[in-house]
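Per the working numbering, the very first residue in the sequence shown carries number 248; after that it's consecutive.
Think of the CB as a built atom: it goes at the ideal place given N, C-alpha and C, for glycine as much as any other residue.
This one's a predicted model, so the numbers in the text were calculated from it and none came from an experiment.
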Amino acid sequence: MPRRTAKSLSVTDDLGQLPITHQQVIPESYLDLMGHMNVSWYTHLFSASTIGTLHLMGMSEEYFREYQAGTFALESHIQYLAEVLVGKNVTVRTRLLDSSKRMFHFMHFLINDDDHMLSSTCEFIGAHMDLEKRCIAPMPPHIQLATQEVCAEHAQLAWKAPTCGIMKPV
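As structure tokens, then:
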């Protein structure tokens, strides 16, 4: 399956197959001097989407409390494709790409719903953490299984994610 560029993905046909991990309207407070959403808010939206992604993997707030666990970001790569203006409705959809016992790799797709455009992507490597010891730790078997199931489901899609090509969970 050939790798696609982010701009060649169909918002409806390709990205519409992915789970929604965050939605909101862009408030005026996100504006910068250029009259569009400031780059710092892309990171904010992708962070909110990561919470939705963790829920897909079985990691809820209750899980984090019960297991004294968490996740840390290790690496990310953001690509800006089209500006987002105030008042626009946006949706983030997420594709899980790979996982190991301790780490996971996924990609967020920020869609401007009003203009039917892919505005940005964020590729991400995260690690499961033992918050008592403050170190990377294996995910419990049920979380590993849930994560692998979502990865397997997303691997069945007819298109390859437009990754940067250098990130891989170990």
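Exercise. Nearest-angstrom Cα distance between Pro387 and Leu332?
Worked result: 41 Å
Exercise. Does the distance from the C-beta atom of Ala393 to that of Gly317 stay below 8 Å?
Worked result: no
Problem set entry | Per-residue DSSP class, three states only, for Gln403 | Note: Gln403 maps to coil in three-state DSSP.
For this session: Run through the region 310-358 for me and flag every whole beta strand (DSSP E) of 3 or more residues, listed as ranges in chain order.
Result: 316-327, 336-346
Exercise. How close, in whole Å, do the beta carbons of Thr268 and Phe371 come, if the pair is a contact with beta carbons under 8 Å?
Worked result: Contact doesn't hold; Cβ gap of about 11 Å is too wide.
Problem set entry | Pairwise C-alpha distance: Gln271 and Val286 | Their Cα atoms are separated by approximately 16 Å.
Problem set entry | Counted within 10 angstroms of its Cβ, other Cβ atoms place Ala374 as buried (16 or more) or exposed | buried
Problem set entry | Cutoff 6 Å; reference Cys411; Cβ partners in own chain excluding five residues on either side | His324, Glu370
Problem set entry | Proximal residues to Ile390 (C-beta, below 8 Å), its chain only, five neighbours per side dropped | Met304, Gly305, Met306, Tyr310, His375
Exercise. Quick one, which of Trp288, Tyr327, Pro385, Tyr289 has its alpha-carbon nearest Ser346's?
Worked result: Pro385
For this session: Use the C-beta contact count for Ile273: other C-beta atoms within 10 angstroms, 16 or more gives buried, fewer gives exposed.
Result: buried
Problem set entry | Buried or exposed by the 16-neighbour rule on C-beta atoms within 10 Å, applied to Thr300 | buried
Exercise. If you follow the alpha helix (DSSP H) that His302 is part of, which residue opens it and which one closes it?
Worked result: 286-303
Exercise. If you draw a straight line from the alpha carbon of Pro416 to that of Thr341, how long is it in whole angstroms?
Worked result: 17 Å
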